[in-house]
Amino acid sequence: DTGFHYHNGKSEDAIKKCVIERYPRSKVQIADKMPIYGMRRRDKPEIIFNTQLERCGVDYFDYYLIHNTSDIFYNGIAKKLNVFDFASDAKNKGLINHLGISHHDTADVLKQVLDENPEIEFVQLQINYVDWLNNVVQAKECYELVEEYGLDVFVMEPLKGGNLINVPENVNKLFTNYNQKSPVNWALSYVLNLKSVQLVLSGMAELEHIKENTEIVKNFNGLDDNQLDIITHACEIINDTTAIPCTFCDYCAEHCKKGIPISKYFSIYNDEMNSNVNQMLNFLYYDNYAERYEKASECVSCGACEKVCPQHIEISSELEKVAELFER
């Protein structure tokens with residue numbers, strides 16, 4: 020799995036030298052992506068695609084994705100440059116075996132993309148047990164939508180950027196009291212248990228990671244209700260450490276004169292504060308909403324939202340923290 024901008028544009032070259040030049044092409048499956056998130060009007064999809072083929076040293080891609088079909092990119096540059104028409108044509112010419120998308124937006128936007136592009140064969144989604152019910156990521160809603168369309172689901176971020184490896188101690192105890200399987204095993208098992216999942220992408224930096232992950236998949240026999248309850252409890256513990264105690268009732272948004280999506284910004288902020296590593300995806304999610312609505316910094320501290328907040332959150336001051344983090 021590679022991408023046009025990964026590792027400062029060197030990832031595709033690495034695929035060629037480390038994989039394609041060492042192993043028979045028929046034994047390797049290569050996935051690459053059209054980077055609509057970084058394209059401008061002057062860019063030509065065919066030039067980018069041909070560059071990718073050359074960099075990777077291949078004459079076709081097994082899997083090819085339109086990369087990040089967020090509303091701003093899908094209804095913007097992707098349509099202006101007819102990216103989906105180009106990709107469909109490339110598939111018809113045998114340059115792409117399977118055409119799909121990676122998605123980082125709401126289920127409503129995903130539905131639009133799928134309705135307008137029936138040639139899509141699979142959808143890559145951010146799914147893990149913490150994001151499953153997250154109201155910004157909308158993993159559950161997006162997964163169920165893809166399942167409804169009868170398409171395959173590819174999973175990214177099953178370990179949430181590594182955050183589900185080093186879990187809080189009380190979560191680790193919860194797992195080990197049931198069995199001796201690692202937090203990685205529990206996290207990967209959660210996504211493997213979803214019936215429409217056909218492929219799971221897991222970031223691996225060492226040979227031992229590869230061995231562990233392949234053993235988990237090889238020995239996976241499904242999760243029972245008791246194990247799912249344990250994972251739900253683990254998620255609750257992790258979420259209890261959230262920085263802002265928002266319950267996403269959205270009473271505040273109904274009274275916000277500026278139209279700021281307050282609860283969504285709080286959800287993204289909490290996720291970032293709960294992370295052991297910098298989650299660039301959270302900045303992407305923030306930018307998506309900031310383009311569509313108003314930025315957190317647009318708050319005028321009128322106090323209307325705070326009067327109706329059941330959790331008595333000092334919303335205006337919390338929005339200042341959100342703006343300081345994501346608008347710097």
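In my numbering, the protein residues as written are 20 to 347. Where a beta carbon is used, it is the ideal one built from N, C-alpha and C, also for glycine.
What first and last residue would you give for the beta strand (DSSP E) that runs through residue i?
{"i": "Ile55", "result": "Careful: Ile55 lies outside any beta strand (DSSP E) and carries neither H nor E."}
{"i": "Leu218", "result": "Val216 to Val219"}
{"i": "Cys175", "result": "The sequence given here has Met at residue 175, not Cys. Met175 -> beta strand (DSSP E) spans Asp171 to Met175."}
{"i": "Ile115", "result": "Ile115 to His122"}
{"i": "Tyr83", "result": "Phe80 to His86"}
{"i": "Val319", "result": "Careful: Val319 lies outside any beta strand (DSSP E) and carries neither H nor E."}
{"i": "Leu152", "result": "First-last for Leu152: undefined, no H or E at that position."}
{"i": "Phe68", "result": "Premise fails: Phe68 lies in the alpha helix (DSSP H), Pro64 to Cys75, not in any beta strand (DSSP E)."}
{"i": "Val142", "result": "Phe141 to Gln145"}
Roughly how many angstroms separate the alpha carbons of residue i and residue j, rounded to a whole number?
{"i": "Asn94", "j": "Lys63", "result": "17 Å"}
{"i": "Lys230", "j": "Asp290", "result": "29 Å"}
{"i": "Val174", "j": "Ser294", "result": "19 Å"}
{"i": "Phe302", "j": "Phe239", "result": "34 Å"}
{"i": "Pro43", "j": "Val77", "result": "11 Å"}
{"i": "Leu114", "j": "Ile256", "result": "47 Å"}
{"i": "Leu247", "j": "Val327", "result": "35 Å"}
{"i": "Ile39", "j": "Gln48", "result": "10 Å"}
{"i": "Ala309", "j": "Gln217", "result": "33 Å"}
{"i": "Glu65", "j": "Pro137", "result": "21 Å"}
{"i": "Arg61", "j": "Lys340", "result": "37 Å"}
{"i": "Ala323", "j": "Cys275", "result": "7 Å"}
{"i": "Asn204", "j": "His228", "result": "11 Å"}
{"i": "Glu31", "j": "Leu183", "result": "28 Å"}
Run the CB neighbour count on residue i, radius 10 Å, all protein chains shown included, and call it buried at 16 or more, exposed below.
{"i": "Gln199", "result": "exposed"}
{"i": "Phe68", "result": "buried"}
{"i": "Ala97", "result": "buried"}
{"i": "Phe285", "result": "buried"}
{"i": "Thr251", "result": "exposed"}
{"i": "His86", "result": "buried"}
{"i": "Leu245", "result": "Note on residue identity: the sequence assigns Asn, not Leu, to residue 245. The residue is exposed, with fewer than 16 neighbouring Cβ atoms inside 10 Å."}
{"i": "Met58", "result": "buried"}
{"i": "His122", "result": "buried"}
{"i": "Leu300", "result": "buried"}
{"i": "Thr353", "result": "For the chain, the structure presents residues 20 to 347; residue 353 sits outside this window and is missing."}
{"i": "Cys254", "result": "buried"}
{"i": "Gly180", "result": "buried"}
{"i": "Val236", "result": "exposed"}
{"i": "Thr21", "result": "buried"}
{"i": "Ser89", "result": "buried"}
{"i": "Arg74", "result": "buried"}
Report the residue from the options whose alpha carbon sits nearest the alpha carbon of residue i.
{"i": "Ile249", "options": "Phe239, Asn238, Phe194 and Phe267", "result": "Phe194"}
{"i": "Glu176", "options": "Leu170, Val203 and Ile146", "result": "Ile146"}
{"i": "Lys35", "options": "Ile55, Tyr56, Ser286 and Tyr79", "result": "Tyr79"}
{"i": "Ala50", "options": "Ile120, Arg59 and Ser89", "result": "Ile120"}
{"i": "Asp269", "options": "Asn154, Tyr304 and Ile184", "result": "Asn154"}
{"i": "Tyr304", "options": "Ser316, Tyr288 and Glu317", "result": "Tyr288"}
{"i": "Leu7", "options": "Lys112, Asn116 and Arg61", "result": "The structure shown does not extend to residue 7, since the chain spans only 20 to 347, so no value can be given for it."}
{"i": "Thr233", "options": "Ile139, Ala253, Leu207 and Lys214", "result": "Leu207"}
{"i": "Tyr168", "options": "Glu188, Ser221, Glu135 and Lys179", "result": "Glu135"}
{"i": "Val128", "options": "Lys192, Arg347 and Glu160", "result": "Glu160"}
{"i": "Asn258", "options": "Asn204, Tyr148, Lys277 and Asn307", "result": "Tyr148"}
{"i": "Cys321", "options": "Leu344, Glu343, Tyr312 and Leu338", "result": "Leu338"}
{"i": "Cys265", "options": "Leu144, Asn212, Pro329 and Leu226", "result": "Pro329"}
{"i": "Pro54", "options": "Phe23, Leu72, Thr125 and Lys276", "result": "Phe23"}
{"i": "Ser282", "options": "Tyr162, Glu333 and Phe141", "result": "Glu333"}
{"i": "Val172", "options": "Leu183, Gln143 and Glu163", "result": "Gln143"}
{"i": "Asp108", "options": "Ile139, Val132 and Gly28", "result": "Ile139"}
Could you please give the first and the last residue of the uninterrupted alpha helix (DSSP H) stretch that includes residue i?
{"i": "Leu338", "result": "Ile334 to Phe345"}
{"i": "Met299", "result": "Met299 to Arg311"}
{"i": "Thr195", "result": "Glu188 to Tyr197"}
{"i": "Ile39", "result": "It is not in any alpha helix (DSSP H) - Ile39 carries neither H nor E in the DSSP assignment."}
{"i": "Asp134", "result": "Ala126 to Glu135"}
{"i": "Asp32", "result": "Ser30 to Ile34"}
{"i": "Leu284", "result": "This sequence places Tyr at residue 284; Leu is not what is there. Its alpha helix (DSSP H) spans residues Ile281 to Met292."}
{"i": "Tyr270", "result": "Tyr270 to His274"}
{"i": "Ser107", "result": "Val102 to Asn111"}
Compare the C-beta of residue i with all C-beta atoms of chain E and state if any pair is closer than 8 Å.
{"i": "Asn111", "result": "In the displayed structure, chain E is absent; only one protein chain is listed."}
Heavy atom of the ligand SAH less than 7 Å from the Cβ of residue i, yes or no?
{"i": "Lys29", "result": "No copy of the ligand SAH appears in this structure; indeed no ligand is present at all."}
What are the uninterrupted segments assigned as alpha helix (DSSP H) that are 4 or more residues long and contained completely in the region 200–258, given in chain order? Entirely contained in the region 200–258, the alpha helix (DSSP H) runs reaching 4 residues are, in chain order, 202–211, 226–237 and 244–258.
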